[in-house]
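S.K.:
2 protein chains.
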Amino acid sequence: MAKARHSRFDCTPGCSVEAAIGLIDGKWKSIILWHLLSGTLRFNELRRHVQNCTPRMLTNQLREMEENGLITRKVYAQVPPKVEYSLSELGRSMEPILRTLKEWGDANIGLYGKPTGHDPREAA
Amino acid sequence: MAKARHSRFDCTPGCSVEAAIGLIDGKWKSIILWHLLSGTLRFNELRRHVQNCTPRMLTNQLREMEENGLITRKVYAQVPPKVEYSLSELGRSMEPILRTLKEWGDANIGLYGKPTGHDPREAA
DNA sequence: GCACATAGTGTCGAAAAGGATACTGTCCGC
DNA sequence: GCGGACAGTATCCTTTTCGACACTATGTGC
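First to last, the protein sequences are chains Z and R.
Start counting the first sequence at 1; every next residue gets the next number (my numbering).
Start counting the second sequence at 1001; every next residue gets the next number (my numbering).
(1) Using the C-alpha atoms, what's the distance from Z:Pro80 back to R:Lys1029?
(2) Let me check one thing: in DSSP terms, what residues is R:Arg1073 bridge-paired to?
(3) Does the distance from the CB of R:Ile1071 to the CB of R:Ser1086 come in under 8 Å?
(4) State the Cα-Cα distance for the pair R:Met1001 and R:Ile1024, rounded to the nearest angstrom.
(5) Sorted by chain position, which residues of the same chain lie with C-beta nearer than 6 Å to R:Phe1043's C-beta, five sequence neighbours on each side aside?
(6) Please say whether R:Leu1101 and Z:Ile109 have beta carbons closer to each other than 8 Å?
(7) State the start and end residues of the unbroken alpha helix (DSSP H) segment that holds R:Met1094.
(8) Could you say which of R:Glu1095, R:Gly1026 and R:Glu1066 lies nearest to R:Cys1053 if we only look at CA atoms?
(9) Taking its Cβ as the centre, do 16 or more other Cβ atoms sit within 10 Å of Z:Phe64, making it buried, or is it exposed?
(10) Is there a C-beta anywhere in chain Z that falls below 8 Å from the one on R:Ala1124?
(11) Measuring only between beta-carbons, confirm whether Z:Asn60 sits less than 8 Å from chain R.
(12) Would you say the beta carbon of R:Val1083 comes nearer than 7 Å to a heavy atom of the ligand SAM?
(13) Which stretch, first to last residue, makes up the alpha helix (DSSP H) that contains Z:Ile31?
(14) If we ignore side chains and look at the alpha-carbon of each, how far apart do R:Ala1020 and R:Glu1066 end up?
(15) Could you tell me whether the Cβ of Z:Gly105 comes closer than 8 Å to any Cβ of chain R?
(16) Give me, in chain order, the residues of the same chain whose beta-carbon lies closer than 6 Å to that of Z:Asp106; leave out the 5 immediate sequence neighbours on both sides.
(17) If you measure from the beta carbon of Z:Thr96 to each beta carbon in chain R, is any gap under 8 Å?
(18) Quick one, are the C-beta atoms of Z:Leu46 and Z:Leu58 less than 8 Å apart?
(19) Run through the stretch 38 to 73 of chain Z for me and flag every whole alpha helix (DSSP H) of 4 or more residues, listed as ranges in chain order.
(20) Does any residue of chain Z have a CB that is nearer than 8 Å to the CB of R:Asn1044?
(21) Under a three-way DSSP split, which group does R:Val1017 fall into?
(22) Rounding to the nearest angstrom, what Cα-Cα distance links Z:Gly39 and Z:Glu95 in this structure?
(23) In whole angstroms, what is the alpha-carbon distance linking R:Ser1016 and Z:Glu89?
(24) Determine the contact status of R:Leu1062 and R:Ile1032, defining contact as a CB-CB distance below 8 Å.
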């Protein structure tokens, strides 16, 4: 997901769709982004919010999003380390995407019977 | 991606975002969905549209989306097989998502310097 | 009889993503 | 001096994803 997964920007129309997805895809990114919409958060605050995400994964996702310019990492040279994560302008520009996604999810998942989640192959 | 990857619907707010992403995530799904927005397509038509997607992968993605209720598969009992894929109502309801995603992608990727694609770790 | 088209399936293997667990260093409170 | 909080790292391992390639069956055209 990190690297070349969605890096075919030369593909058929729809590639920008893919490219956009590529940036928010990754098990925790959307949640992280979602929380950051409400404001700046520190590493361990995020950890608590995301709960079952290991620190390794959290760092990982955060770093990728930083590289992609979605978030900003601000380190305070303090004795007990302090690092703040916030959305960059680009990250904030994704708000409509996140919202559209959430609206659709709220409207269609559960109401519809959880498109994912149920998976016939498990029941059968 | 297929199964339990994004199946934490009980998580913190933002889970519906994740759930929605889970349905369009998967290397080819967004492209397929995108093409189907313009109308019904047959298997090999899709193949030609998506180009570098192996038939195995195509079947795979198509099946997952069918299970998720996003697309409809219509088989014609003909001698040279004929199978048509089209968006279901649920699938069509994703149009705003796809469009938002595409708009964002068009506006921010390339213009911004291809957030993915460049990856400092490769150059460094 | 051979190739082509249709719509796939099956097997194999590599790579990536993700998870578990333990560890770093520094300061504070006790 | 012990343990906690801070912000991560390092290492190992499993699962998932994806791609290559060959292969199925049936009918048509040559």
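Each residue gets a CB set at the ideal place from its N, CA and C atoms; glycine is no exception.
Note that the structure is predicted; figures quoted are calculated from it, not measured.
M.R.: Put simply:
(1) Counting from one through the second sequence, the residue named residue 1029 of chain R turns up at place 29. Counting from one through the first sequence, the residue named residue 80 of chain Z turns up at place 80. Computed Cα separation, rounded: 45 Å.
(2) What you label residue 1073 of chain R is simply residue 73 of the second sequence in a count that begins at 1. Answer is R:Tyr1085, bridged to R:Arg1073.
(3) As a first step, residue 1071 of chain R is located in the second sequence; it is residue number 71 there, counting from the start. As a first step, residue 1086 of chain R is located in the second sequence; it is residue number 86 there, counting from the start. Their beta carbons are under 8 Å apart, which means R:Ile1071 touches R:Ser1086 by this criterion.
(4) Taking the second sequence and counting its residues from 1, one reaches residue 1001 of chain R at position 1. Taking the second sequence and counting its residues from 1, one reaches residue 1024 of chain R at position 24. Reliability of the predicted coordinates at R:Met1001 is poor, the pLDDT of 41 falling under 50, and the value obtained from them is presented with this limitation in mind. Distance between the alpha carbons of R:Met1001 and R:Ile1024: 10 Å.
(5) Your numbering for residue 1043 of chain R matches position 43 in the second sequence. Excluding residues within five positions, the ones whose Cβ falls inside 6 Å are Val1083.
(6) On the first sequence, position 109 is the one that residue 109 of chain Z refers to. On the second sequence, position 101 is the one that residue 1101 of chain R refers to. Their beta carbons are not under 8 Å apart, which means Z:Ile109 does not touch R:Leu1101 by this criterion.
(7) Within the second sequence, the letter at position 94 stands for residue 1094 of chain R. Segment: none, R:Met1094 is in no alpha helix (DSSP H) and carries neither H nor E.
(8) Walking along the second sequence from the start, residue 1053 of chain R turns up at place 53. When only C-alpha atoms are compared, the closest one is R:Gly1026.
(9) For this step, residue 64 of chain Z is matched to residue 64 along the first sequence. One point to set straight first is that residue 64 of chain Z is Glu, not Phe, in the sequence displayed. Buried, because 16 or more other Cβ atoms sit within 10 Å of the Cβ of Z:Glu64.
(10) Reading the second sequence from its first residue, position 124 is the one you call residue 1124 of chain R. Low local confidence applies: a pLDDT of 31 at R:Ala1124 is under 50, so the model's placement there is unreliable, with the coordinate-based value given in what follows. Not closer than 8 Å to any Cβ of chain Z, the Cβ of R:Ala1124 fails to qualify, so no.
(11) Residue mapping note: residue 60 of chain Z aligns to position 60 of the first sequence, counting from 1. Closer than 8 Å: no.
(12) Summarising the ligand content, the structure contains no ligands, and the ligand SAM is consequently not present.
(13) Residue numbering aside, residue 31 of chain Z sits at position 31 when the first sequence is read from its first letter. Note, Z:Ile31: alpha helix (DSSP H), Lys29 to Leu37.
(14) Stepping through the second sequence from its first residue, residue 1020 of chain R is reached at position 20. Stepping through the second sequence from its first residue, residue 1066 of chain R is reached at position 66. For R:Ala1020 and R:Glu1066, the distance between alpha carbons rounds to 15 Å.
(15) If you number the first sequence from 1, residue 105 of chain Z lands on position 105. It does; some Cβ of chain R falls within 8 Å.
(16) Here residue 106 of chain Z corresponds to residue number 106 of the first sequence, with the count starting at 1. Excluding sequence neighbours, Z:Asp106 sits near nothing in its chain.
(17) The sequence position of residue 96 of chain Z within the first sequence is 96, counting from 1. According to the sequence shown, residue 96 of chain Z is Pro rather than Thr. Yes, because at least one Cβ of chain R sits closer than 8 Å to the Cβ of Z:Pro96.
(18) Numbered from its first residue, the first sequence carries residue 46 of chain Z at position 46. Numbered from its first residue, the first sequence carries residue 58 of chain Z at position 58. Yes, these two residues count as a Cβ contact at 8 Å.
(19) 43 to 50 and 55 to 67
(20) Along the second sequence, read from residue 1 onward, the residue named residue 1044 of chain R stands at position 44. No, R:Asn1044 does not count as interfacial toward chain Z.
(21) Within the second sequence, numbered from 1, the residue matching residue 1017 of chain R stands at position 17. In this structure, R:Val1017 counts as helix in the three-state DSSP scheme.
(22) Along the first sequence, read from residue 1 onward, the residue named residue 39 of chain Z stands at position 39. Along the first sequence, read from residue 1 onward, the residue named residue 95 of chain Z stands at position 95. Cα to Cα, the separation comes out at about 13 Å.
(23) Locating residue 1016 of chain R in the second sequence gives position 16, counting from the first residue. Locating residue 89 of chain Z in the first sequence gives position 89, counting from the first residue. About 24 Å.
(24) Numbered from 1 along the second sequence, position 62 holds the residue referred to as residue 1062 of chain R. Numbered from 1 along the second sequence, position 32 holds the residue referred to as residue 1032 of chain R. Against a cut-off of 8 Å, the Cβ pair of R:Ile1032 and R:Leu1062 comes out as a contact.
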